[in-house]
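Numbered per my numbering, the sequence shown spans residues 95 to 552.
Only one structure is covered here, and it is reproduced in the block below.
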Amino acid sequence: MRLPRAAPRPATLRGRLSLLALATAAFVMAVFTIAFNAFVHQHLARQADDQLRARASAIAATIDTSGPRLRVLETPQEDLLDANAWIYQGTRLVEQPPSAGPDSPATREAARLAAQGGARCATTSHGGLDVRLCARPVPSPAGDSRSATVVTALDLTPYRASGDTLLMASLALDAVMLACTYAVTRLAVGRALRPVRTMTDQAARWSATSSEERFSGVPRPVELARLGASLDAFLDRIRAGLRHEQQLTGELSHELRNPLATIIAELDWWQARPRSQDETIAAQRAIGDAARTMRTICDTLLAEAREDACPAPGTTAVLPVLQNLAARTGPAAVPVRVLAGGEEGELIAGVPAAVLERIVSPLRDNALRYAATAVHIRAYREPGHVRIEVGDDGPGVPDGFRAHLFQPGRRADPGDGHGGAGLGLPLARRLARSAGGDVFLDEQQTAGAVFVVRLPAG
(Lines of atoms letter the chains of each structure in order from A and count residues from 1; the text may use other names and numbers.)
(Lines give C-alpha, C1' and ligand atoms only; values in the text may rest on other atoms or scores of the structure.)
Protein backbone atom coordinates (compact mmCIF):
# COMPACT_ATOMS: atom_id res chain seq x y z
CA MET A 1 0.00 0.00 0.00
CA ARG A 2 1.49 3.29 -1.07
CA LEU A 3 1.34 6.05 1.48
CA PRO A 4 0.20 9.47 0.30
CA ARG A 5 3.06 11.81 -0.39
CA ALA A 6 3.46 14.65 2.04
CA ALA A 7 2.89 18.11 0.73
CA PRO A 8 6.19 19.73 -0.29
CA ARG A 9 7.50 22.31 2.12
CA PRO A 10 9.46 25.40 1.08
CA ALA A 11 13.19 24.85 1.21
CA THR A 12 13.99 28.32 2.50
CA LEU A 13 13.34 29.78 5.94
CA ARG A 14 11.86 32.80 4.22
CA GLY A 15 9.26 30.66 2.44
CA ARG A 16 8.39 28.71 5.59
CA LEU A 17 7.93 31.83 7.69
CA SER A 18 5.84 33.39 4.93
CA LEU A 19 3.58 30.34 4.74
CA LEU A 20 3.29 30.27 8.53
CA ALA A 21 2.27 33.92 8.57
CA LEU A 22 -0.17 33.25 5.72
CA ALA A 23 -1.77 30.31 7.56
CA THR A 24 -2.05 32.33 10.78
CA ALA A 25 -3.57 35.30 8.95
CA ALA A 26 -5.98 32.99 7.09
CA PHE A 27 -7.17 31.45 10.36
CA VAL A 28 -7.66 34.83 12.03
CA MET A 29 -9.45 36.25 8.98
CA ALA A 30 -11.70 33.19 8.71
CA VAL A 31 -12.75 33.61 12.34
CA PHE A 32 -13.43 37.32 11.89
CA THR A 33 -15.23 36.76 8.55
CA ILE A 34 -17.54 34.14 10.06
CA ALA A 35 -18.24 36.34 13.08
CA PHE A 36 -18.81 39.43 10.92
CA ASN A 37 -21.20 37.73 8.50
CA ALA A 38 -23.11 36.09 11.34
CA PHE A 39 -23.53 39.52 12.91
CA VAL A 40 -24.61 41.00 9.56
CA HIS A 41 -27.24 38.31 8.98
CA GLN A 42 -28.60 38.75 12.50
CA HIS A 43 -28.70 42.50 12.00
CA LEU A 44 -30.54 42.19 8.67
CA ALA A 45 -33.03 39.74 10.20
CA ARG A 46 -33.59 42.15 13.07
CA GLN A 47 -34.15 45.00 10.60
CA ALA A 48 -36.69 42.91 8.66
CA ASP A 49 -38.58 42.03 11.87
CA ASP A 50 -38.54 45.67 12.98
CA GLN A 51 -39.98 46.75 9.62
CA LEU A 52 -42.70 44.08 9.80
CA ARG A 53 -43.64 45.09 13.35
CA ALA A 54 -43.73 48.76 12.38
CA ARG A 55 -46.10 48.01 9.49
CA ALA A 56 -48.22 45.77 11.73
CA SER A 57 -48.46 48.57 14.30
CA ALA A 58 -49.47 51.05 11.58
CA ILE A 59 -52.16 48.68 10.33
CA ALA A 60 -53.36 47.93 13.86
CA ALA A 61 -53.94 51.64 14.36
CA THR A 62 -56.55 51.51 11.56
CA ILE A 63 -58.54 48.61 13.10
CA ASP A 64 -61.61 49.29 15.25
CA THR A 65 -62.54 46.39 17.55
CA SER A 66 -65.05 48.27 19.72
CA GLY A 67 -68.10 47.20 17.73
CA PRO A 68 -69.65 43.79 17.25
CA ARG A 69 -67.77 43.44 13.97
CA LEU A 70 -64.18 44.33 13.23
CA ARG A 71 -63.93 47.46 11.11
CA VAL A 72 -60.90 48.71 9.17
CA LEU A 73 -60.74 52.47 8.94
CA GLU A 74 -59.89 54.17 5.69
CA THR A 75 -56.49 55.97 5.56
CA PRO A 76 -54.68 57.97 2.83
CA GLN A 77 -52.04 55.18 2.53
CA GLU A 78 -54.48 52.27 2.68
CA ASP A 79 -53.09 50.54 -0.41
CA LEU A 80 -49.58 50.70 0.95
CA LEU A 81 -50.62 49.38 4.34
CA ASP A 82 -52.74 46.57 2.91
CA ALA A 83 -49.89 45.22 0.77
CA ASN A 84 -48.74 41.87 2.15
CA ALA A 85 -50.97 42.14 5.27
CA TRP A 86 -53.59 39.75 6.68
CA ILE A 87 -56.20 40.76 9.26
CA TYR A 88 -57.90 38.12 11.38
CA GLN A 89 -60.67 38.39 13.94
CA GLY A 90 -60.02 35.41 16.10
CA THR A 91 -59.32 32.75 13.47
CA ARG A 92 -61.59 34.27 10.83
CA LEU A 93 -59.79 35.90 7.93
CA VAL A 94 -61.15 39.41 7.47
CA GLU A 95 -58.75 40.81 4.88
CA GLN A 96 -55.82 39.50 2.87
CA PRO A 97 -53.43 40.85 0.18
CA PRO A 98 -54.88 40.79 -3.35
CA SER A 99 -51.85 38.86 -4.61
CA ALA A 100 -52.16 36.05 -2.04
CA GLY A 101 -54.63 33.25 -2.61
CA PRO A 102 -56.48 31.51 0.20
CA ASP A 103 -54.34 28.37 -0.20
CA SER A 104 -50.97 30.02 -0.72
CA PRO A 105 -48.10 29.10 1.69
CA ALA A 106 -47.99 32.67 2.96
CA THR A 107 -51.72 32.67 3.78
CA ARG A 108 -51.49 29.31 5.53
CA GLU A 109 -48.52 30.52 7.61
CA ALA A 110 -50.39 33.76 8.45
CA ALA A 111 -53.42 31.73 9.59
CA ARG A 112 -51.16 29.55 11.77
CA LEU A 113 -49.61 32.60 13.43
CA ALA A 114 -53.05 34.15 14.01
CA ALA A 115 -54.31 30.90 15.54
CA GLN A 116 -51.34 30.69 17.91
CA GLY A 117 -51.94 34.22 19.15
CA GLY A 118 -49.39 36.64 20.53
CA ALA A 119 -46.59 38.48 18.77
CA ARG A 120 -44.74 35.86 16.73
CA CYS A 121 -42.59 35.73 13.59
CA ALA A 122 -41.93 32.89 11.15
CA THR A 123 -40.31 32.32 7.76
CA THR A 124 -41.84 30.39 4.88
CA SER A 125 -40.76 29.67 1.32
CA HIS A 126 -42.88 30.19 -1.76
CA GLY A 127 -41.75 29.95 -5.34
CA GLY A 128 -38.09 29.88 -4.37
CA LEU A 129 -38.50 33.03 -2.29
CA ASP A 130 -38.15 33.34 1.46
CA VAL A 131 -40.96 35.31 3.07
CA ARG A 132 -40.85 36.60 6.63
CA LEU A 133 -44.18 36.98 8.50
CA CYS A 134 -44.80 38.66 11.85
CA ALA A 135 -48.12 38.69 13.79
CA ARG A 136 -49.30 41.48 16.10
CA PRO A 137 -52.42 41.05 18.27
CA VAL A 138 -54.95 43.90 18.42
CA PRO A 139 -57.02 43.37 21.61
CA SER A 140 -60.60 44.63 21.86
CA PRO A 141 -61.51 47.15 24.57
CA ALA A 142 -63.69 44.54 26.27
CA GLY A 143 -61.04 41.81 26.02
CA ASP A 144 -63.42 39.35 24.37
CA SER A 145 -63.35 37.37 21.14
CA ARG A 146 -63.60 40.52 19.04
CA SER A 147 -59.79 40.92 19.36
CA ALA A 148 -57.93 40.93 16.05
CA THR A 149 -54.51 39.87 14.73
CA VAL A 150 -52.52 41.64 12.04
CA VAL A 151 -49.98 39.54 10.11
CA THR A 152 -47.52 41.33 7.81
CA ALA A 153 -45.17 39.72 5.29
CA LEU A 154 -41.88 40.81 3.78
CA ASP A 155 -39.80 39.36 0.97
CA LEU A 156 -36.33 38.57 2.37
CA THR A 157 -34.66 38.49 -1.07
CA PRO A 158 -33.16 42.03 -0.82
CA TYR A 159 -31.84 41.29 2.66
CA ARG A 160 -30.36 37.98 1.58
CA ALA A 161 -28.84 39.69 -1.45
CA SER A 162 -27.28 42.34 0.82
CA GLY A 163 -25.90 39.62 3.11
CA ASP A 164 -24.47 37.68 0.15
CA THR A 165 -22.92 40.84 -1.23
CA LEU A 166 -21.26 41.58 2.08
CA LEU A 167 -20.05 37.96 2.29
CA MET A 168 -18.47 38.12 -1.19
CA ALA A 169 -16.97 41.52 -0.39
CA SER A 170 -15.49 40.20 2.86
CA LEU A 171 -14.07 37.13 1.06
CA ALA A 172 -12.54 39.34 -1.61
CA LEU A 173 -11.09 41.58 1.08
CA ASP A 174 -9.71 38.51 2.86
CA ALA A 175 -8.04 37.36 -0.35
CA VAL A 176 -6.46 40.77 -0.88
CA MET A 177 -5.35 40.91 2.74
CA LEU A 178 -3.85 37.41 2.55
CA ALA A 179 -1.95 38.31 -0.61
CA CYS A 180 -0.67 41.49 1.02
CA THR A 181 0.23 39.58 4.18
CA TYR A 182 2.23 37.02 2.22
CA ALA A 183 4.00 39.68 0.17
CA VAL A 184 4.77 41.90 3.16
CA THR A 185 5.94 38.90 5.22
CA ARG A 186 8.30 37.73 2.48
CA LEU A 187 9.63 41.26 2.12
CA ALA A 188 10.04 41.73 5.87
CA VAL A 189 11.62 38.31 6.42
CA GLY A 190 13.90 38.86 3.44
CA ARG A 191 15.06 42.20 4.83
CA ALA A 192 15.48 40.68 8.30
CA LEU A 193 17.55 37.77 6.93
CA ARG A 194 19.66 39.97 4.66
CA PRO A 195 22.26 40.58 7.41
CA VAL A 196 22.39 36.83 8.02
CA ARG A 197 23.13 36.18 4.33
CA THR A 198 25.75 38.92 4.40
CA MET A 199 27.37 37.48 7.51
CA THR A 200 27.34 33.99 5.99
CA ASP A 201 29.03 35.21 2.81
CA GLN A 202 31.59 37.13 4.84
CA ALA A 203 32.31 34.11 7.03
CA ALA A 204 32.85 31.92 3.95
CA ARG A 205 35.10 34.52 2.35
CA TRP A 206 37.10 35.17 5.52
CA SER A 207 37.53 31.46 6.27
CA ALA A 208 38.90 30.88 2.75
CA THR A 209 41.44 33.70 3.02
CA SER A 210 42.27 33.32 6.74
CA SER A 211 41.23 36.92 7.28
CA GLU A 212 41.62 38.61 10.65
CA GLU A 213 38.27 40.39 10.31
CA ARG A 214 35.51 39.43 12.76
CA PHE A 215 31.84 40.20 13.38
CA SER A 216 32.27 41.39 16.96
CA GLY A 217 32.38 45.10 17.62
CA VAL A 218 29.61 46.02 15.18
CA PRO A 219 26.25 47.05 16.71
CA ARG A 220 23.65 44.39 15.84
CA PRO A 221 20.40 43.03 17.27
CA VAL A 222 20.80 40.50 20.06
CA GLU A 223 20.05 37.48 17.86
CA LEU A 224 22.52 38.58 15.17
CA ALA A 225 25.11 39.42 17.83
CA ARG A 226 24.88 35.84 19.12
CA LEU A 227 25.16 34.52 15.58
CA GLY A 228 28.18 36.76 15.04
CA ALA A 229 29.82 35.44 18.19
CA SER A 230 29.26 31.85 17.02
CA LEU A 231 30.67 32.65 13.58
CA ASP A 232 33.66 34.39 15.18
CA ALA A 233 34.37 31.28 17.24
CA PHE A 234 34.03 29.14 14.11
CA LEU A 235 36.38 31.41 12.16
CA ASP A 236 38.88 31.34 15.03
CA ARG A 237 38.88 27.56 14.92
CA ILE A 238 39.39 27.55 11.16
CA ARG A 239 42.15 30.13 11.41
CA ALA A 240 43.86 28.25 14.23
CA GLY A 241 43.58 25.00 12.29
CA LEU A 242 45.05 26.52 9.14
CA ARG A 243 47.88 28.15 11.10
CA HIS A 244 48.54 24.92 12.92
CA GLU A 245 48.73 22.95 9.71
CA GLN A 246 50.90 25.51 7.92
CA GLN A 247 53.33 25.88 10.81
CA LEU A 248 53.57 22.15 11.40
CA THR A 249 54.31 21.53 7.72
CA GLY A 250 56.84 24.36 7.65
CA GLU A 251 58.58 23.21 10.79
CA LEU A 252 58.77 19.61 9.66
CA SER A 253 60.20 20.57 6.28
CA HIS A 254 62.61 23.08 7.84
CA GLU A 255 63.79 21.18 10.87
CA LEU A 256 64.35 17.90 9.07
CA ARG A 257 66.71 19.54 6.58
CA ASN A 258 69.63 19.77 9.03
CA PRO A 259 69.73 16.07 10.06
CA LEU A 260 69.06 15.03 6.45
CA ALA A 261 71.89 17.25 5.28
CA THR A 262 74.13 15.69 7.91
CA ILE A 263 73.24 12.17 6.74
CA ILE A 264 73.80 13.03 3.08
CA ALA A 265 77.10 14.79 3.83
CA GLU A 266 78.40 11.87 5.90
CA LEU A 267 77.44 9.38 3.19
CA ASP A 268 79.06 11.50 0.48
CA TRP A 269 82.23 11.91 2.58
CA TRP A 270 82.32 8.19 3.39
CA GLN A 271 81.86 7.19 -0.27
CA ALA A 272 84.37 9.72 -1.67
CA ARG A 273 87.39 7.47 -0.93
CA PRO A 274 88.20 4.43 1.18
CA ARG A 275 87.97 5.15 4.92
CA SER A 276 89.60 3.57 7.89
CA GLN A 277 87.59 1.62 10.39
CA ASP A 278 87.62 4.48 12.91
CA GLU A 279 86.41 6.95 10.26
CA THR A 280 83.68 4.53 9.20
CA ILE A 281 82.52 4.11 12.80
CA ALA A 282 82.53 7.90 13.28
CA ALA A 283 80.47 8.37 10.09
CA GLN A 284 78.01 5.70 11.19
CA ARG A 285 77.75 7.31 14.60
CA ALA A 286 77.06 10.72 13.02
CA ILE A 287 74.42 9.21 10.72
CA GLY A 288 72.79 7.42 13.69
CA ASP A 289 72.75 10.60 15.75
CA ALA A 290 71.16 12.51 12.88
CA ALA A 291 68.53 9.79 12.40
CA ARG A 292 67.69 9.79 16.11
CA THR A 293 67.44 13.56 16.04
CA MET A 294 65.01 13.28 13.13
CA ARG A 295 62.94 10.73 15.00
CA THR A 296 62.87 12.90 18.15
CA ILE A 297 61.82 15.95 16.13
CA CYS A 298 59.07 14.00 14.32
CA ASP A 299 57.77 12.36 17.48
CA THR A 300 57.70 15.61 19.43
CA LEU A 301 56.12 17.71 16.70
CA LEU A 302 53.52 15.09 15.80
CA ALA A 303 52.63 14.47 19.44
CA GLU A 304 52.15 18.20 19.93
CA ALA A 305 50.14 18.37 16.72
CA ARG A 306 47.81 15.62 17.95
CA GLU A 307 47.25 17.49 21.20
CA ASP A 308 46.47 20.70 19.30
CA ALA A 309 44.39 19.07 16.58
CA CYS A 310 41.23 20.88 17.73
CA PRO A 311 42.37 24.32 18.83
CA ALA A 312 39.61 26.47 20.22
CA PRO A 313 39.64 30.14 21.18
CA GLY A 314 39.10 31.11 24.76
CA THR A 315 40.24 33.38 27.56
CA THR A 316 41.87 32.73 30.88
CA ALA A 317 43.08 34.58 33.94
CA VAL A 318 46.88 34.72 33.68
CA LEU A 319 48.05 34.86 37.30
CA PRO A 320 46.30 31.66 38.53
CA VAL A 321 47.91 29.69 35.69
CA LEU A 322 51.36 31.13 36.40
CA GLN A 323 51.02 30.48 40.14
CA ASN A 324 49.97 26.91 39.41
CA LEU A 325 53.06 26.44 37.23
CA ALA A 326 55.29 27.89 39.95
CA ALA A 327 53.79 25.53 42.52
CA ARG A 328 54.36 22.49 40.29
CA THR A 329 58.14 22.86 40.04
CA GLY A 330 58.61 20.17 42.67
CA PRO A 331 61.82 20.04 44.75
CA ALA A 332 63.58 22.58 42.55
CA ALA A 333 66.95 23.91 43.60
CA VAL A 334 65.83 27.51 43.09
CA PRO A 335 62.51 29.17 43.95
CA VAL A 336 60.06 30.43 41.34
CA ARG A 337 58.40 33.76 42.08
CA VAL A 338 55.33 35.10 40.25
CA LEU A 339 55.04 38.89 40.05
CA ALA A 340 52.17 40.95 38.71
CA GLY A 341 52.13 44.43 37.24
CA GLY A 342 50.57 47.30 39.13
CA GLU A 343 47.50 47.70 36.89
CA GLU A 344 44.08 47.40 38.41
CA GLY A 345 41.75 44.66 37.30
CA GLU A 346 42.30 41.01 36.46
CA LEU A 347 44.86 40.16 33.80
CA ILE A 348 43.11 38.16 31.04
CA ALA A 349 44.82 36.52 28.06
CA GLY A 350 42.95 35.60 24.89
CA VAL A 351 44.00 31.93 24.95
CA PRO A 352 42.70 28.90 26.88
CA ALA A 353 44.40 28.02 30.13
CA ALA A 354 45.85 24.79 28.67
CA VAL A 355 47.51 26.69 25.80
CA LEU A 356 48.93 29.33 28.15
CA GLU A 357 50.32 26.61 30.37
CA ARG A 358 51.97 24.77 27.46
CA ILE A 359 53.55 28.03 26.26
CA VAL A 360 55.03 29.09 29.61
CA SER A 361 55.94 25.62 30.91
CA PRO A 362 58.95 25.05 28.57
CA LEU A 363 60.26 28.53 29.41
CA ARG A 364 59.95 27.80 33.13
CA ASP A 365 61.74 24.46 32.74
CA ASN A 366 64.51 26.11 30.73
CA ALA A 367 64.93 28.82 33.37
CA LEU A 368 65.10 26.22 36.17
CA ARG A 369 67.91 24.39 34.32
CA TYR A 370 70.21 27.41 34.19
CA ALA A 371 69.14 29.61 37.13
CA ALA A 372 71.68 30.17 39.90
CA THR A 373 69.48 31.42 42.72
CA ALA A 374 65.99 32.34 41.49
CA VAL A 375 63.50 32.29 38.65
CA HIS A 376 60.94 35.04 38.25
CA ILE A 377 57.78 35.11 36.16
CA ARG A 378 56.38 38.60 35.71
CA ALA A 379 53.05 39.39 33.97
CA TYR A 380 51.59 42.77 33.09
CA ARG A 381 49.37 44.43 30.54
CA GLU A 382 50.39 46.08 27.26
CA PRO A 383 48.05 47.85 24.79
CA GLY A 384 46.02 45.00 23.30
CA HIS A 385 48.37 42.32 24.68
CA VAL A 386 49.49 40.50 27.80
CA ARG A 387 53.23 40.33 28.38
CA ILE A 388 54.78 37.53 30.42
CA GLU A 389 58.50 37.52 31.22
CA VAL A 390 60.26 34.35 32.38
CA GLY A 391 63.75 35.16 33.61
CA ASP A 392 66.65 33.57 35.47
CA ASP A 393 70.00 34.71 36.83
CA GLY A 394 72.02 32.04 35.03
CA PRO A 395 74.79 32.42 32.48
CA GLY A 396 72.45 33.71 29.77
CA VAL A 397 72.42 32.85 26.07
CA PRO A 398 75.73 32.99 24.21
CA ASP A 399 75.83 35.68 21.54
CA GLY A 400 76.81 33.23 18.84
CA PHE A 401 73.87 30.95 19.58
CA ARG A 402 71.04 33.52 19.69
CA ALA A 403 70.31 33.15 15.98
CA HIS A 404 69.73 29.40 16.49
CA LEU A 405 67.87 29.67 19.81
CA PHE A 406 64.43 28.71 18.47
CA GLN A 407 65.56 26.04 16.03
CA PRO A 408 64.30 22.56 17.04
CA GLY A 409 67.00 20.20 18.28
CA ARG A 410 69.64 22.90 18.73
CA ARG A 411 71.38 23.48 22.06
CA ALA A 412 74.14 25.94 22.92
CA ASP A 413 76.21 23.31 24.76
CA PRO A 414 74.90 19.71 24.46
CA GLY A 415 77.55 18.58 26.96
CA ASP A 416 76.65 20.98 29.77
CA GLY A 417 75.01 18.24 31.81
CA HIS A 418 71.45 19.59 31.51
CA GLY A 419 68.72 17.46 30.02
CA GLY A 420 66.48 18.41 27.14
CA ALA A 421 66.29 17.84 23.40
CA GLY A 422 66.27 21.47 22.34
CA LEU A 423 62.57 21.42 21.43
CA GLY A 424 60.91 23.31 24.31
CA LEU A 425 61.60 26.85 23.09
CA PRO A 426 60.55 26.18 19.45
CA LEU A 427 57.32 24.55 20.61
CA ALA A 428 56.55 27.45 22.95
CA ARG A 429 57.04 29.93 20.10
CA ARG A 430 54.93 27.87 17.70
CA LEU A 431 52.05 27.64 20.18
CA ALA A 432 52.22 31.36 20.94
CA ARG A 433 52.22 32.29 17.26
CA SER A 434 49.30 29.97 16.57
CA ALA A 435 47.37 31.94 19.21
CA GLY A 436 48.23 35.28 17.63
CA GLY A 437 51.22 36.02 19.90
CA ASP A 438 54.96 35.37 19.99
CA VAL A 439 57.89 34.21 22.14
CA PHE A 440 61.29 35.88 21.89
CA LEU A 441 64.44 36.58 23.88
CA ASP A 442 64.78 39.99 25.53
CA GLU A 443 68.03 41.22 23.96
CA GLN A 444 68.36 44.12 26.42
CA GLN A 445 69.02 41.87 29.42
CA THR A 446 72.69 41.75 30.37
CA ALA A 447 72.45 39.30 33.28
CA GLY A 448 70.85 35.92 32.87
CA ALA A 449 68.18 35.28 30.26
CA VAL A 450 64.67 36.67 29.99
CA PHE A 451 62.20 35.14 27.56
CA VAL A 452 59.12 37.21 26.69
CA VAL A 453 55.69 35.79 25.88
CA ARG A 454 53.32 38.23 24.20
CA LEU A 455 49.71 37.08 23.79
CA PRO A 456 46.46 38.79 22.75
CA ALA A 457 44.51 40.31 25.62
CA GLY A 458 41.19 38.60 26.40
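Virtual Cβ for every residue (Gly too), placed ideally from N, Cα, C.
**Request:** Consult DSSP for G382 and reduce its assignment to one of helix, strand or coil.
**Result:** Collapsing the DSSP output to three states places G382 in a helix.
**Request:** Consult DSSP for G494 and reduce its assignment to one of helix, strand or coil.
**Result:** DSSP places G494 in the helix class (H, G or I) of the three-state scheme.
**Request:** Verify whether the separation of the beta carbon atoms of E483 and V546 is less than 8 Å.
**Result:** Contact flag set, yes.
**Prompt:** In chain order, what residues of the same chain have a beta carbon less than 7 Å from the beta carbon of R496, not counting five sequence neighbours either side?
**Reply:** Here the set comprises L535.
**Prompt:** If you check the beta carbons only, do A522 and I453 fall under 8 Å apart?
**Reply:** Yes, the pair counts as a contact, with Cβ atoms nearer than the cut-off.
**Request:** Could you tell me which residues DSSP pairs with C228 in its beta bridges?
**Result:** Per DSSP, C215 and T246.
**Asked** So which of Y276, E537, A384 and G485 has the shortest CA-CA distance to R110?
**Response** Minimum Cα distance to R110 is reached at Y276.
**Request:** Please classify Q183: does DSSP put it in a helix, a strand, or coil?
**Result:** Strand at Q183.
**Item:** Reduced DSSP category for T410 - H, G, I as helix; E, B as strand; rest coil
**Value:** DSSP places T410 in strand when its eight states are reduced to three.
**Asked** For S234, which of G284, M262 and R163 has the nearest alpha-carbon?
**Response** Nearest in C-alpha terms to S234, of all of G284, M262 and R163, is R163.
**Which of helix, strand or coil DSSP assigns to V428** = The DSSP-derived three-state label of V428 is coil.
**Item:** Distance, D486 Cα to Q538 Cα
**Value:** The alpha-carbon separation between Q538 and D486 amounts to approximately 14 Å.
**Request:** List the endpoints of the continuous alpha helix (DSSP H) containing A155.
**Result:** Taken as a continuous stretch (DSSP letters only), A155 belongs to no alpha helix (DSSP H), as it is neither H nor E.
**Prompt:** Ordered along the chain, which non-local residues of its own chain (more than five positions away) have a Cβ less than 8 Å from that of D224?
**Reply:** Around D224: T217, T218, D249, L250, T251 and R254.
**Asked** Using a Cβ-Cβ cut-off of 8 Å (strictly less than) and excluding sequence neighbours within five positions of V166, which residues of its own chain qualify?
**Response** Closer than 8 Å at Cβ, skipping near neighbours: T156, I157, D158, I181, V188 and E189.
**Prompt:** So does L223 have its beta carbon nearer than 7 Å to some heavy atom of the ligand HEM?
**Reply:** This structure lacks the ligand HEM, and indeed carries no ligand of any kind.
**Request:** Below 8 Å on the Cβ atoms is my guess for G211 versus L138; work out the distance and round it to an integer in Å.
**Result:** Contact check for G211 and L138: beta-carbon distance about 27 Å, past the 8 Å limit, so the pair fails to qualify.
**Prompt:** If you drop the 5 nearest sequence neighbours on each side, which residues of the same chain put their C-beta closer than 8 Å to that of V491?
**Reply:** So the list reads L499, A506, L535 and A543, once near-sequence residues are dropped.
**Prompt:** Near M293, which residues of its chain fall below 8 Å by C-beta distance, leaving aside the five closest residues on each side in sequence?
**Reply:** Closer than 8 Å at the Cβ level, and outside the excluded window around M293, lie F309, L318, L321, G322 and L325.
**Prompt:** Roughly how many angstroms separate the alpha carbons of A420 and T409, rounded to a whole number?
**Reply:** Inter-residue distance for A420 and T409 is about 20 Å (C-alpha atoms, whole angstroms).
**L354 at chain C interface by Cβ criterion, 8 Å** = Note that chain C does not occur in the displayed structure, where there is just one protein chain.
**Prompt:** How is the beta strand (DSSP E) around P550 delimited, first residue to last?
**Reply:** Element bounds for P550: A543 to P550.
**Prompt:** How is R163 classed by DSSP in three states: helix, strand or coil?
**Reply:** Residue state, collapsed to three classes: coil.
**Prompt:** Where does the unbroken beta strand (DSSP E) through A473 begin, and where does it stop?
**Reply:** For A473, the enclosing beta strand (DSSP E) stretches over residues V469 to E476.
**Asked** I think R548 touches R481, with their Cβ atoms under 8 Å apart; what is that distance to the nearest whole Å?
**Response** That pair is a contact at about 6 Å.
**Residues bridged to V481 (per DSSP)** = Checking the displayed sequence, the identity of residue 481 turns out to be Arg instead of Val. Note: R481 sits in a beta bridge opposite Y474 and R548.
**Message:** Do V415 and V469 have their beta-carbon atoms positioned less than 8 Å apart in this structure?
**Reply:** Here V469 is not near V415, since their CB atoms are 8 Å or more apart.
**Request:** Just mark T106 as buried or exposed, buried being the case when its beta carbon has 16 or more other beta carbons within 10 Å.
**Result:** So T106 ends up on the exposed side.
**Asked** Counting along the chain, where does the beta strand (DSSP E) carrying D459 start and finish?
**Response** According to the DSSP assignment, D459 belongs to no beta strand (DSSP E) but to the alpha helix (DSSP H) extending over A447 to Y464.
**Message:** Across the region 353–367 and the region 375–392, are there enough close Cβ pairs to call them in contact, namely three or more that are closer than 8 Å?
**Reply:** Contact between the region 353–367 and the region 375–392 is present, because at least three Cβ pairs lie under 8 Å.
**Request:** Work out the CA separation of E373 and I381 for me, nearest whole Å.
**Result:** Whole-angstrom Cα-Cα distance: 12 Å.
**Asked** Got a sec, what are the start and stop residues for the alpha helix (DSSP H) L535 sits in?
**Response** L535 -> not in any alpha helix (DSSP H); beta strand (DSSP E) instead, spanning D532 to L535.
**Asked** Leaving out the 5 sequence neighbours to the left and right, which residues in its chain are closer than 6 Å to P477 when beta-carbon positions are compared?
**Response** If we look at P477 and ignore the five residues flanking it on each side, it has no Cβ neighbours.
**For A124, the nearest candidate out of D268, G444 and I375 (CA to CA)** = For the options D268, G444 and I375, the alpha carbon positioned closest to that of A124 is the one of D268.
**Message:** Quick check: the Cα distance between Y474 and G435, rounded to an integer number of angstroms?
**Reply:** Rounded to the nearest angstrom, the two C-alpha atoms are 5 Å apart.
**Asked** Where does E189 fall in DSSP's three states?
**Response** E189 falls in the strand class under three-state DSSP.
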